[in-house]
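J.: The structure under discussion is supplied below as structure tokens; questions concerning it will follow.
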Amino acid sequence: THKGGSVLEPVVTGKMMNRMRKSTHRELHDDLTAREQEVLHLMTEGKSNQEIADTLFVSLKTVKTHVSNILTKLEVVDRT
Numbered sequence: 002t003h004k005g006g007s008v009l010e011p012v013v014t015g016k017m018m019n020r021m022r023k024s025t026h027r028e029l030h031d032d033l034t035a036r037e038q039e040v041l042h043l044m045t046e047g048k049s050n051q052e053i054a055d056t057l058f059v060s061l062k063t064v065k066t067h068v069s070n071i072l073t074k075l076e077v078v079d080r081t
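Oh and the sequence shown: position 13 is 14 in the numbering used here, straight run, nothing missing.
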């Protein structure tokens, strides 16, 4: 765990990237909201939840909600 929240483990990043590759751009666009896409991009850069919150000017709780929604939509069990 990174100070300020979780950082994606390489295995999880791989799973998410595989799911994204299997989906068409349109499917991903339909599945994830614009904000979830922003959060996902920052997650794949290795940003912690707190860093994402600071970047997007939202609360840590909001980021955690987005992360949970992203993991569910991409069928990833957890971030580690």
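Ideal Cβ placement from N, Cα and C applies to all residues, glycine included.
Out of Gln51, Thr34, Asp31 and Glu46, point me to the one whose CA is closest to Lys65's CA.
T.: The shortest Cα separation from Lys65 among Gln51, Thr34, Asp31 and Glu46 belongs to Gln51.
J.: I'd like to check one pair, Asn70 with Glu37: are the Cβ atoms closer than 8 Å?
T.: Yes, they are a contact pair.
J.: State the start and end residues of the unbroken alpha helix (DSSP H) segment that holds Val64.
T.: Unbroken alpha helix (DSSP H) run through Val64: Leu61 to Lys74.
J.: Could you tell me whether the Cβ atoms of Lys62 and Leu33 are closer together than 8 Å?
T.: Contact flag unset, no.
J.: Kindly indicate which three-state DSSP category Glu52 falls into: helix, strand or coil?
T.: The answer is helix: DSSP assigns Glu52 an H, G or I state.
J.: Tell me which same chain residues have a C-beta within less than 8 Å of the C-beta of Thr60, skipping the five on either side of it?
T.: Per the sequence shown, the amino acid found at residue 60 is Ser instead of Thr. The residues are Ala54.
J.: Look at Val68 and Met44 and say whether their C-beta atoms are less than 8 Å apart.
T.: Contact: yes.
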